[in-house]
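In the numbering used here, the protein residues as written are 1 to 165.
The C-beta atom is built at its ideal place from N, Cα and C for all residues, glycine as well.
Structure, as structure tokens:
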Amino acid sequence: MIRDERHEFNGQTYGRMLYILMRCGGCGRGALAKIHDNGNVIDGALEEFFPFSIDKARLPAGLPQGIEAEFREAELCAAFGAWRAASALFRSTLEKTLTANGYTSGVLAAKIDNAAADSVITESRRKRAHDEIRVLGNDVLHDEWKEVSAEDVAAARHYAQRILE
1 MIRDERHEFN
11 GQTYGRMLYI
21 LMRCGGCGRG
31 ALAKIHDNGN
41 VIDGALEEFF
51 PFSIDKARLP
61 AGLPQGIEAE
71 FREAELCAAF
81 GAWRAASALF
91 RSTLEKTLTA
101 NGYTSGVLAA
111 KIDNAAADSV
121 ITESRRKRAH
131 DEIRVLGNDV
141 LHDEWKEVSA
151 EDVAAARHYA
161 QRILE
């Protein structure tokens, strides 16, 4: 789709915006690019490309299918910039993992602390599970709307993966 309209992007003036359907080089799925140009796409400026190319994290063999599916769906949300949805799903991955390991009673905070007390997760991972995964997910699920950044989600993904190891 071409939208002929004089506009500014990143301090430059352009004559049109192009929305181009493409194929993502990372995942092979369909993709959408938004490009600003003056009639020659090669000299244009890329504003957005969806999905973001995110490599799938390595997960341990033998992980329960539901937990892996939850983690992968969180990655998919992140690949499309749905940071809040990804945050909630990484939190859900953490809770499902702890439940699958026998921590079935109490709130998520207690499950994390009990797993650390039993040395199922290290003290460092306990702290990160609270700070980077649980609190972020709780903010999305239980508090007023607030923006979640790509960096917040990257940290949640990283520490969720570490706990799954």
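The three-state reading of DSSP puts alanine 69 in helix, counting H, G and I together.
Isoleucine 67 is a Cβ neighbour of lysine 96, given a cutoff of 8 Å. Bounds of the beta strand (DSSP E) holding glycine 30 are 30 to 37. Restricting attention to Pro60, His158 and Glu48, the CA atom closest to the CA of glutamate 132 is found in His158. Between the region 107 to 114 and the region 145 to 158, the count of C-beta pairs closer than 8 Å stays below three; the two stretches do not touch. Looking from the CA of proline 64, the closest CA among Gly30, Ala57 and Ala100 belongs to Ala100. Around the beta carbon of arginine 3, a 10 Å sphere encloses fewer than 16 other beta carbons of the protein chains shown; the residue is thus reported as exposed.
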